[in-house]
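Under the working numbering, residues -6 to 559 are what the sequence shown spells out, in order.
Here's the structure we're looking at; comments come further down.
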Amino acid sequence: MKRIKPHIYFLVLFALCFPKLDAQEATPESELDYTIEEFTLPGGQLGNNVNAIAQGPYGFLWFATHGGLIRYDGNEFVTFKAEADDTIPKTGTTLSFTYLENLHWDSDDKLWLCSLGGGLFHYDLEEGIFTNYSPIEGDSSSLSNLRVLCAIDDTNGNLWVGTEEGLNKLDLRTNKFTRYYADGKPGSLINDNIRNLYVDDEGTLWVGSGFHYIPDPGALSKYDPDQDAFQNYQPENTEDQVAPFTVRGMHIDKAGNFWVGTTFGLQRFDREQETFEWMANDRNLPYAPGSLTPNTVVPTYPIIEDREGNIWIGTIEAPGQPSHLLKYDPIHEKSVQFPSELHVWNLCESSNGVIWTAGAGNSSQVLKITPKTKTYDLLEGESVVSGFTETNYYKSRWSGTANLTGPTNMAIDPETGHYWMSILAFQTLASGENTIEPLFILAKYNPKNQQVQYFPVEGLNTRIDPNQVFDVLGLIIDNNERIWFSGPPDDIGLVCFDPKTLKIEEYVHVPGDTSTISSNDIRALMQDSRGRIWAATTEDGLNMLDPITKQVKNYHFDRDGVALYD
């Protein structure tokens, strides 16, 4: 290469293993686990030419279209568009340029808009103000080009902006840009046309460049902040391809696979070996989209991973090959081609599990792809729990007899496909005495081999009253595959269990100490995109825990019960 639902309370831990898949036809819509709807936006043809979709912090969907910015709250649309494109003010209450190529919500919940001719915009939701960033003649600390294609923020307080003429780094503290060009110098980029940006789990910036209508090939580039330089990568045998190499999509899945959507089809990049693998059907590789015929290269653009661990891929029409939308289910090793020939420019999953596709050009249409309600068969065998009822019975593989009491929770680990559940068993003592002791267990179920593995949570059992129902009301798995759970009794609080070390961390309320959780009566848990754990209590507000620093922040309602404050 060139260096340039089973009734069990478990969670899923799956390693993303992709088998070789055969070429296939589109799956009939009646056989899909989804319903497909055409979603019409206001603004006619321009409003329905959509280049990008994203969901904001308040749940609204935002559409970057040829006719401006459109916000959808689930019932109504609001359109932000220019009155005229002849002048672009620095700030204003209206969007001063209509054609939007992309949008990005940063880690501080700020909305950035990439326009194809009007520069970069920042929209302040609270003030309703648009701020524009454009090139300034003679000022090298301004944006390099008006045609902005993509943007992403890094972990160092910078916003990276890709244009048709160079890459820009915006220091959000000073509002000054640093420009990077393909100027032929050591450590520079290969191509100035920056099409895609991605920040991986280690904070490394990856740059996708090139344009299939321009003969100069692009590259996948990695930024080294210590050297302030780029390492460029291209696959082998680029000379044999019809179109120049271009990178248009990037995603690293939960198993660590780095997928790259290119004009040379879907590639997998090995970050350690620094090599590409072309995902084609005629090779025994971990993944090949089921719609691709052997030795056929179909340009691949957006790649996302949904909440269940499915990989979604959009392809663009190529000679002899229509465009496709593909979904790969790594748990069941199944590939599905959706019955649509839209050009999929962008993909977005909203918080309710709906997949939204953005289509522009001749096939301008937004699709709303909604998962159907799933029905799970009961699993048979002594290791299976009948769950989701107020009282359940469990026949234990442990010595003695065990009964499962109280409602239980389940979670699924998208990296492995395993289910996790909580079990409270009452075990007869080995001595045979007519006494029982509580035994709190976490169980992991593998749906492929139908095997159950049990993890006794040492340290909790001595504090569980056998005469009191122990209800696990919150159960989640975090990004490090640790299990978090909570619930009555009141002295349990919030618990983190690491199945690799079998150790627990406990977070309990200490009266008068605001650095601890506000209450042990926790009813719901979630982890946000930044890895923080949120715990909701019945009467004492909301808690945010940083698993790295172990610091807890309490949020309480105001007197009117309207707003939370810290």
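Idealized CB from N, CA, C, for every residue including glycine.
Three-state secondary structure assigned by DSSP to residue i
i: glutamate 342; result: strand
i: glycine 37; result: helix
i: glutamate 499; result: strand
i: glutamate 24; result: helix
i: lysine 166; result: Reading the sequence as shown, one finds arginine at residue 166 and not lysine. Residue state, collapsed to three classes: coil.
i: arginine 64; result: strand
i: glutamine 544; result: coil
i: threonine 494; result: coil
i: asparagine 138; result: coil
i: threonine 84; result: strand
i: glutamate 120; result: coil
i: glutamate 94; result: strand
i: methionine 537; result: strand
i: asparagine 125; result: strand
i: methionine 272; result: coil
i: isoleucine 151; result: The sequence shown places asparagine at residue 151, not isoleucine. It is a strand residue.
i: phenylalanine 550; result: strand
i: lysine 437; result: strand
i: glutamine 443; result: coil
i: threonine 530; result: strand
i: alanine 351; result: strand
i: histidine 317; result: coil
i: glycine 242; result: strand
i: threonine 509; result: coil
i: leucine 335; result: coil
i: serine 328; result: strand
i: isoleucine 309; result: coil
i: asparagine 44; result: strand
i: aspartate 99; result: coil
i: tyrosine 51; result: coil
i: aspartate 132; result: strand
i: isoleucine 485; result: coil
i: aspartate 322; result: strand
Among the options, the one whose alpha carbon lies nearest that of residue i
i: aspartate 533; options: Pro504, Thr156 and Arg525; result: Pro504
i: aspartate 263; options: Ile297, Pro228 and Pro237; result: Pro228
i: isoleucine 510; options: Lys543, Asn95 and Pro492; result: Lys543
i: threonine 239; options: Thr197, Asp219, Glu195 and Arg188; result: Arg188
i: threonine 268; options: Trp305, Val71 and Ala212; result: Ala212
i: arginine 64; options: Asp26, Gly121, Glu76 and Gly110; result: Gly121
i: threonine 530; options: Asn472, Asp521, Asp147 and Ala517; result: Ala517
i: aspartate 66; options: Gly52, Phe56, Thr363 and Ala75; result: Gly52
i: asparagine 125; options: Gly131, Leu139, Phe478 and Gly302; result: Leu139
i: leucine 104; options: His115, Glu94 and Gly111; result: His115
i: leucine 118; options: Gly85, Glu130 and Ser133; result: Gly85
i: asparagine 41; options: Pro492, Leu335 and Glu157; result: Leu335
i: asparagine 345; options: Ile362, Gln330, Asp217 and Trp153; result: Ile362
i: phenylalanine 32; options: Cys143, Val347 and Ile485; result: Val347
i: proline 208; options: Tyr500, Ser214, Val200 and Thr256; result: Thr256
i: glutamate 157; options: Asn168, Arg166, Leu142 and Thr171; result: Leu142
i: tryptophan 349; options: Asp506, Thr28, Val445 and Ser214; result: Thr28
Residue i versus residue j: straight-line alpha-carbon distance, rounded
i: aspartate 246; j: leucine 136; result: 32 Å
i: proline 295; j: asparagine 339; result: 5 Å
i: proline 292; j: lysine 496; result: 47 Å
i: isoleucine 309; j: glycine 203; result: 16 Å
i: leucine 113; j: serine 512; result: 45 Å
i: glycine 258; j: methionine 272; result: 7 Å
i: leucine 487; j: aspartate 514; result: 9 Å
i: glutamate 30; j: valine 545; result: 43 Å
i: lysine 316; j: methionine 243; result: The amino acid occupying residue 316 in the given sequence is serine; lysine does not appear at that position. Going from the Cα of serine 316 to the Cα of methionine 243 covers about 18 Å.
i: asparagine 44; j: lysine 365; result: 26 Å
i: arginine 300; j: isoleucine 145; result: 21 Å
i: threonine 72; j: glycine 110; result: 19 Å
i: serine 357; j: glutamine 48; result: 20 Å
i: aspartate 521; j: serine 100; result: 11 Å
i: glycine 302; j: glutamate 326; result: 12 Å
i: glutamine 224; j: glutamate 270; result: 18 Å
i: phenylalanine 70; j: methionine 519; result: 29 Å
i: leucine 54; j: tyrosine 447; result: 41 Å
i: serine 108; j: glutamine 443; result: 51 Å
Per DSSP, cross-strand counterpart(s) of residue i
i: glutamate 31; result: Leu360
i: glutamate 298; result: Ile304
i: arginine 475; result: DSSP, once it has assigned bridges, lists no residue as partnering arginine 475.
i: arginine 261; result: Trp252 and Glu270
i: aspartate 521; result: DSSP lists no partner for aspartate 521.
i: histidine 115; result: Trp105 and Thr124
i: aspartate 146; result: Leu152
Minimum Cβ-Cβ distance from residue i to chain D less than 8 Å
i: asparagine 44; result: Going by chain labels, chain D is absent from the structure shown, which holds only one protein chain.
At 3 residues or longer, and completely inside the segment 162 to 234: list those beta strand (DSSP E) runs for me, N to C.
-> Within the segment 162 to 234, complete beta strand (DSSP E) segments of at least 3 residues are found at 169 to 173, 187 to 192, 198 to 202, 213 to 217 and 222 to 226, given in chain order.
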